[in-house]
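Enquirer: Structure below; questions to follow.
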Amino acid sequence: MNIILLGPPGSGKGTQAERLRNARRLTHIATGDLFRENLKNKTELGLLAQGYMNAGKLVPDDVTVAMLRERMLRPDVSPNGILFDGFPRTIAQADALRDLLSSLDKKVDAVIHLVVSDEELVSRLSGRLICRECQTPFHQVNNPFKSCPFNKCEGQYLYQRDDDKPETVRARLQTFHQQTSPLIDYYSQAGVLKTIAGEGAVDEVTQAMLVALGDV
Ligand code: AMP
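Sequential numbering from 2 applies to the sequence shown in my numbering.
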């Protein structure tokens, strides 16, 4: 099953992706993580993406789709399917994904739309801390670091993403409303959209997602 997690920045896509990936044994592909990995390794792609990311803008579609395509075609992809996180973010990307999947005789089976108010998103993002090694998100107030889920560190790799600074957060939310939210209609018309309230406890949101996918 190929599933898309669709939601604004800070809606919990990363946290829920981890859980859904484990429940369904899917390959998790997060385009934001791929860009950050490229940035860490100072690749040409990473340096190109950096300017857009720090401005809260989208990296151009052709670059993003080429990166996604390369990742999707690697041999380690699970036969159970892919969990797309942060992709697609524009109608052009959604069309490209449909074509890519259809060339593999596959399709988008479900789109989980996580709904969270802007006010809550700003508070979540401004306190967010991420582990540089395993990408697990924590929050200064709501979910402070206690232990590493992989038992690998003592929290020494936590950092605030450059794009979680308040000015960039506002730009990212605007980008979501302008360029990504049309996908809600796009997938609703395709009959695959599952709308989930994303403001409850993490376990409740996971449960609601599994119910929507028919797992429970
Ligand atoms: P994320 O980690 O998903 O919040 O993504 C961080 C940043 O990476 C975004 O603000 C964009 O600049 C860039 N990015 C990630 N995914 C995409 C995408 N599908 N299309 C364009 N830019 C993206």
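We put the beta carbon where it would ideally sit given N, CA and C, even for glycine. Remember, predicted model here, so these are calculated numbers, not experimental data.
(1) Check this for me: beta carbons of R57 and T169, under 8 Å apart or not?
(2) Would you mind working out which of Q180, G156, A24 and S189 sits nearest H114, comparing C-alpha positions?
(3) What would DSSP say about A213, mapped onto helix, strand or coil?
(4) Can you list the residues near the ligand AMP, meaning Cβ strictly closer than 5 Å to any non-hydrogen atom, in the order they appear in the chain?
(5) Going by C-alpha distance, which of L102, A213, D204 and H29 is nearest S79?
(6) If you reduce the DSSP assignment to three classes, tell me which class F146 lands in.
(7) According to DSSP, is D62 helix, strand or coil?
(8) Spatial neighbours of R99 within its chain, please: CB distance less than 8 Å, with the 5 preceding and 5 following residues excluded, ordered by chain position.
(9) Would you mind sorting F36 into buried or exposed? The rule is 16 or more other CB atoms within 10 Å of its CB.
(10) Can you find the residues in the same chain that come closer than 7 Å, C-beta to C-beta, to Y160, ignoring five residues on each side of it along the sequence?
(11) Can you check DSSP and say which residues form a bridge with H178?
(12) Which residues bound the beta strand (DSSP E) around A198?
(13) Helix, strand or coil: how does DSSP classify V78 here?
(14) Residues in the same chain with beta-carbon distance under 8 Å from I197, minus the five sequence neighbours each way, listed in chain order, please.
(15) Is the Cβ-Cβ distance between D165 and L122 less than 8 Å?
Expert: A quick look at the data gives this:
(1) According to the sequence displayed, residue 57 carries Gly and not Arg. Yes, Cβ-Cβ distance for G57 and T169 is below 8 Å.
(2) That would be S189, whose Cα lies nearest to the Cα of H114.
(3) helix
(4) P10, T32, G33, F36, Y53, M54, L59, V60, T65, G87, F88 and R90
(5) Nearest C-alpha to S79: H29.
(6) coil
(7) Here D62 sits in helix by DSSP.
(8) The answer, listed in chain order, is K108 and V109.
(9) buried
(10) L130, I131 and R133
(11) Answer is none; H178 lacks a bridge partner.
(12) Per DSSP, A198 belongs to the beta strand (DSSP E) from L194 to A198.
(13) Of the three classes helix, strand and coil, the one that applies to V78 here is coil, per DSSP.
(14) I113, H114, L115, V116, V206, A209, M210 and A213
(15) no
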